[in-house]
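Asks:
There are 2 protein chains.
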Amino acid sequence: MVVVGIDLGGTQIKGGLVDEEKGIIKKMSNPTEVEKGNDRIVENIVKVIKALSNDTKIDAIGIGSPGSIDRDKGIIRFSPNFPNWRDFELTRLIKEKTKLDVFVENDANAFALGEWYFGKAKGLKDFIALTLGTGIGSGVVCNNTFLTGKDGLAPELGHIVVVPNGPICGCGNRGCVEATSSAKYIAKEAQNLLDRYPDSLVLKLAGSKEKIESKHVFQAYEKNDPLATIVANFSIDALARAIGAYVHAFNPEKIIIGGGLSRAGDALFIPLREMTKKYVMSSFVGTYTIEQSSLVEDAGILGAASAALYAEEKNF
Amino acid sequence: MVVVGIDLGGTQIKGGLVDEEKGIIKKMSNPTEVEKGNDRIVENIVKVIKALSNDTKIDAIGIGSPGSIDRDKGIIRFSPNFPNWRDFELTRLIKEKTKLDVFVENDANAFALGEWYFGKAKGLKDFIALTLGTGIGSGVVCNNTFLTGKDGLAPELGHIVVVPNGPICGCGNRGCVEATSSAKYIAKEAQNLLDRYPDSLVLKLAGSKEKIESKHVFQAYEKNDPLATIVANFSIDALARAIGAYVHAFNPEKIIIGGGLSRAGDALFIPLREMTKKYVMSSFVGTYTIEQSSLVEDAGILGAASAALYAEEKNF
């Protein structure tokens, strides 16, 4: 099967022509132009699709987008990237202009499907995929089934409470793992601690307080910087506790982590693997591995394409 | 389909002849006689099966047992009720004597299947079943799939950490929900607090410190007894946090709770429903209910029977 995968961002539309066997055949991107209104956004998406499918017969189109998605109806309930969209019928509009099957999926679920079709989860029946970025997204395959739950809301693994009465989360609760271990939290917490550690390497790496990002924290953490150690140890320990919960819930073969934070590499993965052991009961020891996603830059396109491949196979 | 369900306890073997449509047709029980050795135990199980199936053609036998079960191989790896059993080939032995298909399932998973076939989860595609007793057992159906994970170990929802650095759990970790909210913990914690609350109603209800059980704590909790309030609030809050995590992981339609502790009824369920709201993000509000199992005394037999029904349907 050959499909087009669209990674729909707030500033760029990234698209790829994707063959189920061979992966990405070609790719391109176009500005989203959110400020020019819905018609223009849709037009820009269609432009990318037409350019990619130009001389190829394609079977379907998959779109990955952040936000709350109703995959069955093909609508975007709301998305941080498109503040004007409320129950926006994205797939219907694209379908009208392309006469092709169009599927839309939450970017985190799309990431999981991308790992299943093209990444480290290929051929697995049980795995968890996490995107660690500004927030924490998740997708789960268990007993060879892609889990979505009663209302298509599952899984929201970023919103399990790991630090009772902990930091406030965007969702309104306290101590969700998204509030303790996302890139946003790590950067903010490092900024908050700067007054007490004015000589921190984190500040030197970032240049100024405002420019501190999670990557600077992990770079300094590798050099045993005290501020970075406090922040990273707290965040990684909380993430390890969350992963322990997921392991007990799903008994996965792999936990695959992507997103901006995963690029910290060994600085994140070595302590994370070690700390997770504390939170896993003995019968689960050795049953799982925690791995860095290998899809990198193409994760969004491959995820969106996989959403289309999966939907076509399942006959959604 | 008509099957025999065997609820294999350490002192009693409870059996039932179970019709897929009509439920339990007849039931009986026999002593297990663990002290008389393995041959006798197997003989006693077969006696119950033969007495029940006497004049009826049955399709299969299902056995529910506490402990670690390998459902594919039909062996009991180990069980608290049968200290001498290590990788005990229970199904092979019963099969030899009955010439029927025999399936064995962990009692918590069997409970979930029983709820699916005969209880409040009938017809549901997404639910969680919990047994709150000495320990906490769990079974999950998500996207109409009975989840077991890569090694058949899932789900172990009793062993997710809800109170970091909390009470020590039997599994070796600290602060698992089994260590904060099981009947065993509740009774022990009430005993521990008795020196500070020597006039507690809990003591009067139990008669003596040693006789305190979780039911006394919940009876006293309903009457606002201070000791009972401290113990119950802590345990229910921790359980609510765990259920919040499950809701985010699986997006279930119902969470069905059975086991000894569930008999506390409203004293448990009213505050539990209230406290769980705190730990669920807004998009999940109203998507689930928390309900008391209605299978009561027959949960074990119906669960075991359902394990056989499920296995036959799935062609295990």
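Read top to bottom, the protein sequences are chains A and B. Each residue of the first sequence is one higher than the last, beginning at 0 in numbering that gives the first Met the number 0. Each residue of the second sequence is one higher than the last, beginning at 0 in numbering that gives the first Met the number 0. We put the beta carbon where it would ideally sit given N, CA and C, even for glycine.
1. For the structure I just gave you, are there three or more beta carbon pairs, one from the segment 88-107 of chain A and one from the segment 205-221 of chain A, closer than 8 angstroms?
2. Could one say the Cβ of A/Asp150 lies closer than 9 angstroms to chain B's Cβ atoms, at least one of them?
3. Check the DSSP bridge columns for B/Ser78 and list the partner residues they point to.
4. Determine which residues of the segment 63-93 of chain B have a Cβ less than 8 angstroms from any Cβ of chain A, and write them out in chain order.
5. Check distances from the C-beta atoms of the segment 252-270 of chain B to those of chain E and list, in chain order, the residues that come in under 7 angstroms.
6. Are the segment 224-231 of chain A and the segment 144-154 of chain B touching, with three or more C-beta to C-beta distances below 8 angstroms?
7. Measuring straight from C-alpha to C-alpha, what distance separates B/Lys35 and B/Ala307?
8. Taking a Cβ distance cut-off of 9 angstroms, strictly less, list which residues of the segment 272-300 of chain A are near chain B, in chain order.
9. Please return the same chain residues whose Cβ sits closer than 6 angstroms to the Cβ of A/Gly258, not counting the five positions on each side in sequence.
10. I'd like to check one pair, A/Arg70 with A/Ala320: are the Cβ atoms closer than 9 angstroms?
11. Please confirm whether B/Val101 has its beta-carbon closer than 9 angstroms to some beta-carbon of chain A.
12. Please name the residues in the segment 184-209 of chain A whose beta-carbon is closer than 7 angstroms to at least one beta-carbon of chain B, in chain order.
13. Looking at C-alpha atoms only, which residue of B/Lys313, B/Ser305 and B/Glu312 is the closest neighbour of B/Lys21?
14. Starting from B/Glu19, follow the alpha helix (DSSP H) in both directions and report where the run begins and ends.
15. Regarding A/Ile93 and the ligand FAD, is the C-beta to nearest heavy atom distance less than 8 angstroms?
16. At what residues does the beta strand (DSSP E) containing B/Val295 begin and finish?
17. Looking at C-alpha atoms only, which residue of A/Val3, A/Asn108 and A/Gly9 is the closest neighbour of A/Leu16?
18. For A/Leu112, which residues in chain B fall below 7 angstroms Cβ to Cβ?
19. Taking only beta-carbon atoms, is A/Thr147 less than 9 angstroms away from chain B?
20. By how many angstroms is the C-alpha of B/Arg195 removed from the C-alpha of A/Val139?
21. Whole-angstrom Cβ separation of B/Gln218 and B/Ser261, contact assumed at under 8 angstroms?
22. Could you tell me the distance, in whole angstroms, from the CA atom of A/Ser199 to the CA atom of A/Ala237?
23. Would you call the segment 38-53 of chain A and the segment 77-96 of chain A touching, i.e. three or more CB-CB distances under 8 angstroms?
24. Just the C-alpha distance for B/Ala59 and B/Thr97, rounded to the nearest angstrom, thanks.
25. To the nearest angstrom, how far is the alpha carbon of A/Asn191 from that of B/Gly66?
26. At what residues does the beta strand (DSSP E) containing B/Val139 begin and finish?
27. Here's a check: name, in chain order, each residue in its chain whose Cβ is nearer than 7 angstroms to the Cβ of A/Ser78, leaving out the five neighbours to either side.
28. Report yes or no: do three or more beta-carbon pairs, one from the segment 154-163 of chain A and one from the segment 275-293 of chain A, lie closer than 8 angstroms?
29. Do B/Gly14 and B/Ser28 have their CB atoms nearer than 9 angstroms?
30. Residues of chain A with CB under 8 angstroms from B/Phe117, in chain order?
31. Helix, strand or coil for A/Ala59? Go by DSSP, reduced to three states.
32. Where do the N-terminal and C-terminal ends of the beta strand (DSSP E) with B/Phe233 fall, by residue?
33. Kindly indicate which residue of A/Cys168, A/Lys253, A/Leu193 and A/Pro197 has the alpha-carbon position closest to the one of A/Tyr184.
34. Straight-line CA distance for A/Gly243 to A/Met274?
35. Going along chain B in order, which residues have a C-beta closer than 8 angstroms to the C-beta of A/Lys313?
36. Between B/Tyr220 and the rest of its own chain, which residues show a CB-CB distance below 7 angstroms, the 5 nearest in sequence each way excluded?
Replies: With the given structure in hand:
1. no
2. yes
3. B/Phe81
4. Ser67
5. This model lacks chain E altogether; the protein chains it does include are A and B.
6. no
7. 28 angstroms
8. Lys277, Tyr278, Val279, Met280, Ser281, Ser282, Phe283, Thr286 and Tyr287
9. Thr130, Leu131 and Gly132
10. The structure shown does not extend to residue 320 of chain A, since chain A is modelled only from 0 to 315, so the question has no answer here.
11. no
12. none
13. B/Ser305
14. Note, B/Glu19: premise wrong, no alpha helix (DSSP H); not H, not E.
15. The model depicted lacks the ligand FAD and carries no ligand whatsoever.
16. Taken as a continuous stretch (DSSP letters only), B/Val295 belongs to no beta strand (DSSP E), as it is neither H nor E.
17. A/Val3
18. The premise fails here: A/Leu112 is roughly 14 angstroms from chain B at the closest Cβ pair, so nothing lies under 7 angstroms.
19. yes
20. 47 angstroms
21. So it is not a contact: roughly 15 angstroms between Cβ atoms.
22. 23 angstroms
23. yes
24. 10 angstroms
25. 48 angstroms
26. Ile135 to Cys141
27. Ser64, Pro65, Gly66 and Trp84
28. no
29. yes
30. Neighbours of B/Phe117 on chain A: none; closest Cβ ~21 angstroms, over 8 angstroms.
31. strand
32. Careful: B/Phe233 lies outside any beta strand (DSSP E), inside the alpha helix (DSSP H) at Pro225 to Phe249.
33. A/Cys168
34. 9 angstroms
35. Chain B residues near A/Lys313: none, gap ~11 angstroms exceeds 8 angstroms.
36. Ala227, Thr228, Ala231 and Ala266
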